[in-house]
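Notes follow the structure.
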Amino acid sequence: MFAYLVRRLFLMLVTLFGISVVIFFLLRVVPGNIVDILFAAAGYVDPADKANLEKELGIDQPLIVQYWHWISGFLRGDFGYSYVSEKPALQEILPRIPITARLAGLALLFSASIGIPLGVISAVKQGTRLDYALRVVSLSGLSLPSFWLGLLILTASVAMFGQMPIFNPNPQTWLEAFATYAVPAAAVGFRSAALTMRITRSSMLEVLRQDYIRTARAKGASDAAVNYHHALKNAILPVITVIGIEAAFLIGGLIVTETVFNIPGVARFLVEAIRWRDYPIVQNLVMLIAVVVVSANFIVDMLYAVFDPRIRYTD
Amino acid sequence: MRSVRALAATAALSLLAFSTIAYAGEPKQGGILRMYHRDSPGNASIHEGATYSLNVPFMPVFNNLVIYKQDEAQNRMDNIVPELAESWAWVNDNKTLTFKLRQGVKWHDGKPFTSADVKCTFDMLMGKSQQKFRQNPRKTWYEQVNDISTNGDLEVSFNLKRPQPSLLALLASGYTPVYPCHVSPGDMRTHPIGTGPFKFVEFKANESIKLTRNPDYWRKGRPYLDGIEFTIIPNRSTAILAFVAGKFDMAFPTEVSIPLLKDVKSQAPNAVCVVEPNNVATNIIVNSSAPPFDNIDIRRAMALSLDRKAFISIMFEGQGDVGGTLLPPPNGLWGMPKEMLESIPGYGPDVNANREAARKLMQKAGYGPDKHLAVKVSTRNIPVYRDPAVILIDQLKSIYIDGELDVVETANWFPKIARKDYMLGLNLTGNAVDDPDQSFYENYSCGSERNYTNYCNKEIEKLFDVQSQETDVNKRKKLVWDIDKKLQEDVARPIIFHARTGSCWQPYVKGVTVMSNSSYNGYRYEDVWMDK
Chain Z
2 MFAYLVRRLF
12 LMLVTLFGIS
22 VVIFFLLRVV
32 PGNIVDILFA
42 AAGYVDPADK
52 ANLEKELGID
62 QPLIVQYWHW
72 ISGFLRGDFG
82 YSYVSEKPAL
92 QEILPRIPIT
102 ARLAGLALLF
112 SASIGIPLGV
122 ISAVKQGTRL
132 DYALRVVSLS
142 GLSLPSFWLG
152 LLILTASVAM
162 FGQMPIFNPN
172 PQTWLEAFAT
182 YAVPAAAVGF
192 RSAALTMRIT
202 RSSMLEVLRQ
212 DYIRTARAKG
222 ASDAAVNYHH
232 ALKNAILPVI
242 TVIGIEAAFL
252 IGGLIVTETV
262 FNIPGVARFL
272 VEAIRWRDYP
282 IVQNLVMLIA
292 VVVVSANFIV
302 DMLYAVFDPR
312 IRYTD
Chain S
364 MRSVRALAAT
374 AALSLLAFST
384 IAYAGEPKQG
394 GILRMYHRDS
404 PGNASIHEGA
414 TYSLNVPFMP
424 VFNNLVIYKQ
434 DEAQNRMDNI
444 VPELAESWAW
454 VNDNKTLTFK
464 LRQGVKWHDG
474 KPFTSADVKC
484 TFDMLMGKSQ
494 QKFRQNPRKT
504 WYEQVNDIST
514 NGDLEVSFNL
524 KRPQPSLLAL
534 LASGYTPVYP
544 CHVSPGDMRT
554 HPIGTGPFKF
564 VEFKANESIK
574 LTRNPDYWRK
584 GRPYLDGIEF
594 TIIPNRSTAI
604 LAFVAGKFDM
614 AFPTEVSIPL
624 LKDVKSQAPN
634 AVCVVEPNNV
644 ATNIIVNSSA
654 PPFDNIDIRR
664 AMALSLDRKA
674 FISIMFEGQG
684 DVGGTLLPPP
694 NGLWGMPKEM
704 LESIPGYGPD
714 VNANREAARK
724 LMQKAGYGPD
734 KHLAVKVSTR
744 NIPVYRDPAV
754 ILIDQLKSIY
764 IDGELDVVET
774 ANWFPKIARK
784 DYMLGLNLTG
794 NAVDDPDQSF
804 YENYSCGSER
814 NYTNYCNKEI
824 EKLFDVQSQE
834 TDVNKRKKLV
844 WDIDKKLQED
854 VARPIIFHAR
864 TGSCWQPYVK
874 GVTVMSNSSY
884 NGYRYEDVWM
894 DK
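Sequence order for the protein chains is Z and S. Going by the working numbering, the letters in the first sequence line up with residues 2 to 316, in that order. Going by the working numbering, the letters in the second sequence line up with residues 364 to 895, in that order.
Here's what the structure looks like:
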């Protein structure tokens, strides 16, 4: 187990180094920098002022020097200053993380708590009307873009109730806080729930046809014991994988949802930072996300090993 | 007895009703004005930006020396009123503009305002001080200012190279606040200190901007509001829905498009909405330094092909203005009269005849039904740029020009234009002040940084100076019209239309005036109150 853990840890570090290089150089490949944007906003370009500003921000230096400044700072916890707000990048990023984390957590919770039970029911009731209905729901979830669903929810709220579930930065009660996040989380989590449901269903169907399930039934085990104790436990591995991957993909959905519901989270902030070519924000934020995603994958790998002891010897 | 009681009750009710009616018009103190903001401005320093995204939230923090009267829609010379100045006078053959300053004004950090602050601000704008702005987009406004001199703490003079009556108009713009000497330009970008009716509280990028009432404001009894809170909502659909749902007291000024205005009025019938020109001209920039547009015939043909009314009809349901460089009357002060405008090639009402003439010019240049000219029409990847570019491409087809849309990200737009890497560009030019000096020098004078096409006509440049020095408004108007006509005939930067946009607020918001010939100057908000 220890060797497995060390091997995975090493792979994780190599991946993160590769990601840092890709983030840094991809950003520089994108045409234009913060100075171009600032002058575009001011409606003119003065070459002397432009050169001064590039020097002031350090983006006139060779790329390798810029990379070293950034990555060494990141490792020390010094994230530099935002080019736009001129405030410490960490001070800009940190308050937004809990907002997105809560939203993502709720969305994942929605996805798992809706997707897994409905997937199991759909599999157990295969071929029935209920199964068909649930499959239609899951197909809709996969087909509806979250921005469209978000706008539909907002429009319907205003048209039907004259109210709008827009972000409340200072919720006074737990209920208010829940309401602030629940609607957007449902909008973004609907797709994940649909995917989780489909994966759970197909995985369950495969397991339910196994010999040991038939044996369990022959031995007189109840339906609930067979479905939840024997079948679901073995069918859950691919579902965990999908939820792990979805956690990473969620950031894409959150960008749109945060924009539509005007939630000041990191996802929307990241898009704005990219638009401004605010390198300190983009680099550090993407790197932080990469650390979270790679760590999540690491944890999923560890969970595999816990659920299936064979993995630690063979992988 | 009963009749006496009834009479007394009637009298009391009448008195109550009368007092209510009388009181309904009286401004009330208090309340936070909630407004959405269309985007997150890059910083908080008005002098370093060129977008009204900055003016709207930060103009209330400052004062100018003089300002356009905030309760009149049209900006004119005769409605400029003193602000930090108490009075002004032109002396020395109109070559010196002297201001007597208001006494006892304090910056928001408690330090006293003096003439040194005025000198500092304008020295910095002219690039003459140690401290520099990171960006200084309106340096050209002060080209005729030789220096600024002070006489004690309460008098300051602008000494000019030659008379320039419109300097006063430039000083009255929302773009011309006075900054404190003791705060660095860097700090002004993140935490602005002003003398204005509202104090800066915080600016969270992409989130919100908060201002609070300045209790020590020099204008007693103002502002009425306790504060203003801007929530940044870049998604227009979300923003409008939130306004309709009553989450905001005001929509971002001049940001409600004409088609959206219909939605607002249908979903929030009580909302007050006005439509005004915003003095932003949609125009074509032509790269005349390279083929094929180095050929004046092709440039003229292109100008002749424009059906301006079709643009206005498609984009604004007919609510827009056809004009030259300067905003046309009645809202614009300096635009050409209709008959003069229609005498310019391409402005005549018979579009088919114009296009027939254009086709002849194209044939003269070697193009025709069998040989089309392929061009790229570059523009920024923003709907207000992209949409008219698409219509332009469609109209160019009628004169054998096959246009291809080339959308450019904002970051690359100006570098692309600066290196002349374009053929035709669709551009928007906003005029902060409805004054020929601002427009002509900024956009058409040789060497100006905002003269994107590098149009340079020394003869016209001389006329710029002649009109700029003219003190007789009627004489100046005629000079300005002639210049504008010549600019259009030279296809310097063909103007397609002047847009109109909507501004909406809830019915209980009072004292809002939307300017009708500029979208940069009317956001002091000290007279705004809420009848709640």
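Ideal placement from N, C-alpha and C gives every residue a C-beta, glycine not left out.
Taking just the CA atoms, how far does residue j sit from residue i?
i: M665(S); j: L690(S); result: 22 Å
i: K672(S); j: G515(S); result: 56 Å
i: L755(S); j: K701(S); result: 23 Å
i: I264(Z); j: K463(S); result: 48 Å
i: S571(S); j: E565(S); result: 8 Å
i: H410(S); j: F485(S); result: 10 Å
i: S40(Z); j: V643(S); result: It is worth fixing the name first, because residue 40(Z) is Phe in this sequence and not Ser. Spanning the two alpha carbons is a distance of roughly 19 Å.
i: N806(S); j: V267(Z); result: 39 Å
i: I384(S); j: R585(S); result: Note that I384(S) scores 40 on pLDDT, short of 50, meaning its location in the model is unreliable and no value can be drawn from it.
i: Q284(Z); j: S408(S); result: 26 Å
i: Y386(S); j: Y883(S); result: Below a pLDDT of 50, predicted positions are generally treated as unreliable, and Y386(S), at 44, falls in that range; the measurement from the model is reported next regardless. Rounded to the nearest angstrom, the two C-alpha atoms are 32 Å apart.
i: E705(S); j: P712(S); result: 7 Å
i: L104(Z); j: A631(S); result: 31 Å
i: N438(S); j: Q830(S); result: 19 Å
i: T558(S); j: K469(S); result: 6 Å
i: I237(Z); j: A249(Z); result: 19 Å
i: L76(Z); j: F606(S); result: 44 Å
i: I214(Z); j: L233(Z); result: 11 Å
i: Q758(S); j: D670(S); result: 7 Å
i: F18(Z); j: N499(S); result: 40 Å
i: M161(Z); j: D660(S); result: 59 Å
i: G190(Z); j: N427(S); result: 51 Å
i: D847(S); j: V444(S); result: 29 Å
If contacts are defined as beta-carbon pairs under 8 Å, then residue i and residue j qualify, I think. What distance do you get, rounded to the angstrom?
i: I38(Z); j: R278(Z); result: 6 Å
i: N775(S); j: P32(Z); result: 5 Å
i: G253(Z); j: R192(Z); result: Wrong, their Cβ atoms sit about 10 Å apart, outside the cutoff.
i: K895(S); j: G537(S); result: About 27 Å separates the two Cβ atoms, so there is no contact after all.
i: A274(Z); j: L289(Z); result: Not a contact, Cβ separation roughly 12 Å.
i: L574(S); j: I591(S); result: 5 Å
Could you check what DSSP says for residue i in three-state terms: helix, strand or coil?
i: T513(S); result: strand
i: Y322(S); result: Because chain S is modelled from 364 through 895, residue 322(S) falls outside the range shown and cannot be assessed.
i: I256(Z); result: helix
i: S529(S); result: coil
i: R278(Z); result: coil
i: M489(S); result: coil
i: T558(S); result: coil
i: R210(Z); result: coil
i: I745(S); result: coil
i: W504(S); result: helix
i: I764(S); result: strand
i: G731(S); result: strand
i: D750(S); result: helix
i: N641(S); result: strand
i: A380(S); result: Bear in mind that a pLDDT of 42 at A380(S), under 50, signals an unreliable position, so the model cannot answer this.
i: A385(S); result: Any reading at A385(S) is ruled out, since the residue's pLDDT is 37, under 50, leaving its predicted position unreliable.
i: M878(S); result: coil
Run through the DSSP bridge pairs and tell me what residue i is partnered with.
i: N646(S); result: N790(S) and I858(S)
i: Y431(S); result: I443(S)
i: N522(S); result: T459(S) and D510(S)
i: C867(S); result: C636(S)
i: K873(S); result: W892(S)
i: D769(S); result: S741(S)
i: W451(S); result: F462(S)
i: P475(S); result: K469(S)
i: G683(S); result: A862(S)
i: L336(Z); result: Since the first residue of chain Z shown is 2 and the last is 316, residue 336(Z) is not available in this structure.
When the cut-off is 7 Å and only beta carbons count, does residue i lie next to chain A?
i: E177(Z); result: Among the protein chains in the structure shown, which are Z and S, there is no chain A.
Of all the alpha helix (DSSP H) runs that stay within the bounds of the stretch 60-91 of chain Z, which reach a length of 4 or more residues?
If we require 4 residues or more, the alpha helix (DSSP H) runs fully inside the stretch 60-91 of chain Z come out as 64-77.
Contained alpha helix (DSSP H) runs [length at least 4] in the stretch 812-863 of chain S, N- to C-terminal order:
Here the runs fully enclosed are 821-832 and 836-852.
Every unbroken beta strand (DSSP E) within the stretch 530-596 of chain S, with a cutoff of 3 residues, ordered by chain:
If we require 3 residues or more, the beta strand (DSSP E) runs fully inside the stretch 530-596 of chain S come out as 561-567, 571-576 and 590-595.
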